[in-house]
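Under UniProt numbering, the letters of the sequence shown match residues 1 to 397, in that order. These notes are about the structure you will find just below.
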Amino acid sequence: MEGILDPRTWYPSPDRPVSPRPWFLPLVLLSFIVSTTLPRRSRILIAVPILLILNSQIRTYSIGDNIKDFGRGSFIFGFVLKFIDFGILTRDGEAYKLKDRKSSISNAGSISRSEEVKGIWQRFKDSAELWLFTMRGIGWSWQVGGVPERKPQSTSYFIFRTLLRILGSYLAWDICKHLMGLYPYIHSSPRGAFFSLPFSSQVILTWLHQLEAFCFINLPYQIGALLTVATGYQTPADWPPLFGDLSGGYLVSRAWGRVWHQLLRRPLGMLTPYVQRVLGTKSRSAKRTSSLICSFMMSGFVHWSGALNCPWTSSSHGMFTYFIMQAPVVRLEDCIVDWGRRQGFKSSVLLKCLGYLWTFSWISYSMRYAARYQFEHGALSVYDPFRYSIIDYLARS
Numbered sequence: 001m002e003g004i005l006d007p008r009t010w011y012p013s014p015d016r017p018v019s020p021r022p023w024f025l026p027l028v029l030l031s032f033i034v035s036t037t038l039p040r041r042s043r044i045l046i047a048v049p050i051l052l053i054l055n056s057q058i059r060t061y062s063i064g065d066n067i068k069d070f071g072r073g074s075f076i077f078g079f080v081l082k083f084i085d086f087g088i089l090t091r092d093g094e095a096y097k098l099k100d101r102k103s104s105i106s107n108a109g110s111i112s113r114s115e116e117v118k119g120i121w122q123r124f125k126d127s128a129e130l131w132l133f134t135m136r137g138i139g140w141s142w143q144v145g146g147v148p149e150r151k152p153q154s155t156s157y158f159i160f161r162t163l164l165r166i167l168g169s170y171l172a173w174d175i176c177k178h179l180m181g182l183y184p185y186i187h188s189s190p191r192g193a194f195f196s197l198p199f200s201s202q203v204i205l206t207w208l209h210q211l212e213a214f215c216f217i218n219l220p221y222q223i224g225a226l227l228t229v230a231t232g233y234q235t236p237a238d239w240p241p242l243f244g245d246l247s248g249g250y251l252v253s254r255a256w257g258r259v260w261h262q263l264l265r266r267p268l269g270m271l272t273p274y275v276q277r278v279l280g281t282k283s284r285s286a287k288r289t290s291s292l293i294c295s296f297m298m299s300g301f302v303h304w305s306g307a308l309n310c311p312w313t314s315s316s317h318g319m320f321t322y323f324i325m326q327a328p329v330v331r332l333e334d335c336i337v338d339w340g341r342r343q344g345f346k347s348s349v350l351l352k353c354l355g356y357l358w359t360f361s362w363i364s365y366s367m368r369y370a371a372r373y374q375f376e377h378g379a380l381s382v383y384d385p386f387r388y389s390i391i392d393y394l395a396r397s
């Protein structure tokens, strides 16, 4: 029992064997894709044991690079959550592409018959699309809420705007790397304690890290949109904005629910109904509280999972700490907003400005806990500027 309570035992040994095994991550992903082509009962009986064996090997070996170990742990934990959702909890026929349903209706065929006549190759393609090309359920029966709407656009205009977004994301990422490189702390090896830096430096580096995360997520999304729409495989409607309008982030709850991406919205809410059922929550307040705790706790686990595939450090828990801190603050925010409405306060420019200041201040303070691990030991622990940096070239000119 004492071993379980010691956080150091939750992490792999720094002396574990090193083996790059470049085939491991693709093999695990392929196994998940194949598993969801099977009927639900078959995949539980056949696929679950195989996947358990594969996933048990994740922490047995190190790639030899802390950053890659972190990434592999995060990816595979995300795969596991998605499999629990669509491979175990979702019944056959509950998750389907809307265009398949429309096609079957127009052909006067039943939904069940449409599912039965699908061949192995078609089922595999649908499963691959589920795993590789949709995280928000766009065009599927399970599209999550909070997805920003895109105004109708012509294909040519969409391609032009997407090209600009790709260029903008690359330049923003390049600027972040250049500005980070101006800090002596970034070039030090080994890195010292992040929290020993002046508070202003912590905040600036934290926001540069967050902007990098935005670019890291947004750039491949825009490239995927460009390729699939330009080739005629999909339409602009299949690629709604990944992030909401920044002007909507005048509350912490709105920043999380409407501005930041909703790629994890479905798995983050997976635990909530079961917890509410066990606790017997009935009131709106209790449901809101349990939903917030479950969602941010799951988000914390998703982001913390990468650190759990790396040796223990004093900041390893920082990713989880950051997300779980959000739940009580958002709930307090709800109470203040409800109180203000009862007192007759109405939305105004002044209140929104105060809201922006509050949201920026809280995120700046709390996000440092996640950034601390990334700068000391995680994805940003090694300074890695772009090989072909436009900003570095201009700065040298």
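Each residue gets a CB set at the ideal place from its N, CA and C atoms; glycine is no exception. Computed from a prediction, not measured in an experiment: that's the story for all the values here.
Contact under 8 Å by Cβ, residue i with residue j
i, j, result
"LEU226", "ILE175", "no"
"LEU264", "VAL302", "yes"
"ALA327", "PHE375", "no"
"HIS209", "ILE391", "no"
"ARG136", "GLN143", "yes"
"SER381", "ILE63", "no"
"LYS82", "TRP131", "yes"
"TYR221", "LEU242", "yes"
"ILE223", "ILE166", "yes"
"SER307", "TYR373", "According to the sequence displayed, residue 307 carries Ala and not Ser. Contact: yes."
"ASN218", "SER291", "no"
"PHE323", "GLY355", "no"
"PRO385", "GLY181", "yes"
"SER19", "LEU54", "no"
"PRO152", "GLY244", "no"
"TYR11", "SER316", "yes"
"ARG123", "THR37", "yes"
"THR206", "ARG331", "no"
"LEU52", "SER35", "no"
Exposure label - residue i; buried when at least 16 CB within 10 Å
i, result
"TYR393", "exposed"
"LEU164", "exposed"
"ILE33", "buried"
"ASP126", "buried"
"SER110", "Here SER110 scores only 44 on pLDDT, less than 50, and its place in the model is too uncertain to base an answer on."
"ARG8", "exposed"
"ILE76", "buried"
"GLN202", "buried"
"ASP69", "buried"
"ARG396", "exposed"
"CYS294", "buried"
"CYS335", "exposed"
"ALA47", "buried"
"SER112", "Bear in mind that the predicted position of SER112 carries a pLDDT of just 44, short of 50, making it unreliable; the figure below should be weighed with that in mind. Under this definition SER112 is an exposed residue."
"residue 421", "Summary: the structure shown does not reach residue 421, with the chain confined to residues 1 through 397, and so no result is reported for it."
"TRP339", "exposed"
"ILE4", "exposed"
"TRP304", "buried"
"CYS212", "The sequence shown places Glu at residue 212, not Cys. Buried, since its Cβ has 16 or more Cβ neighbours within 10 Å."
"PHE133", "exposed"
"LYS341", "Here residue 341 is Arg; the residue named in the question, Lys, does not match the sequence. Answer is exposed; the Cβ neighbour count stays below 16."
"GLY195", "Going by the sequence as given, residue 195 is Phe instead of Gly. That one is exposed."
"LEU271", "buried"
"PHE320", "buried"
"TRP121", "exposed"
Inter-residue CB distance, residue i and residue j (contact presumed, cutoff 8 Å)
i, j, result
"ALA370", "GLY318", "6 Å"
"LEU40", "ASP92", "Correcting the residue identity first, residue 40 is Arg in this sequence and not Leu. Yes, ARG40 and ASP92 are in contact; Cβ-Cβ is about 5 Å, under 8 Å."
"PHE29", "PHE79", "The sequence as given places Leu at residue 29; Phe does not occur at that position. Indeed they touch by this definition, with Cβ atoms about 6 Å apart."
"GLY146", "ARG258", "6 Å"
"TRP173", "CYS215", "4 Å"
"VAL229", "THR155", "6 Å"
"LEU268", "MET298", "5 Å"
Residue i: CB within 7 Å of a non-hydrogen atom of the ligand MG
i, result
"GLY344", "This structure lacks the ligand MG; in fact it carries no ligand of any kind."
Chain C within 8 Å of residue i, Cβ atoms only
i, result
"LEU308", "Among the chains of the structure shown, chain C does not appear; only one protein chain is present."
The stretch 185-202 contacting the stretch 228-236, beta-carbon criterion three pairs below 8 Å: no
Residue ranges of each beta strand (DSSP E) within the stretch 288-336, 3 or longer: none
Three or more C-beta pairs below 8 Å linking the stretch 58-71 and the stretch 87-101: no
Stretch pair the stretch 348-362 + the stretch 245-264: three plus CB contacts closer than 8 Å: yes
At least three beta-carbon pairs within less than 8 Å, the stretch 6-21 to the stretch 305-313: yes
Sequence ranges, alpha helix (DSSP H) only - wholly within the stretch 241-274, length at least 4: 265-268
Residue ranges of each alpha helix (DSSP H) within the stretch 59-107, 4 or longer: 66-83, 98-106
Segments assigned beta strand (DSSP E), at least 3 residues, entirely inside the stretch 144-190: none
Whole runs of the alpha helix (DSSP H) within the stretch 349-373, excluding any shorter than 4 residues: 349-366
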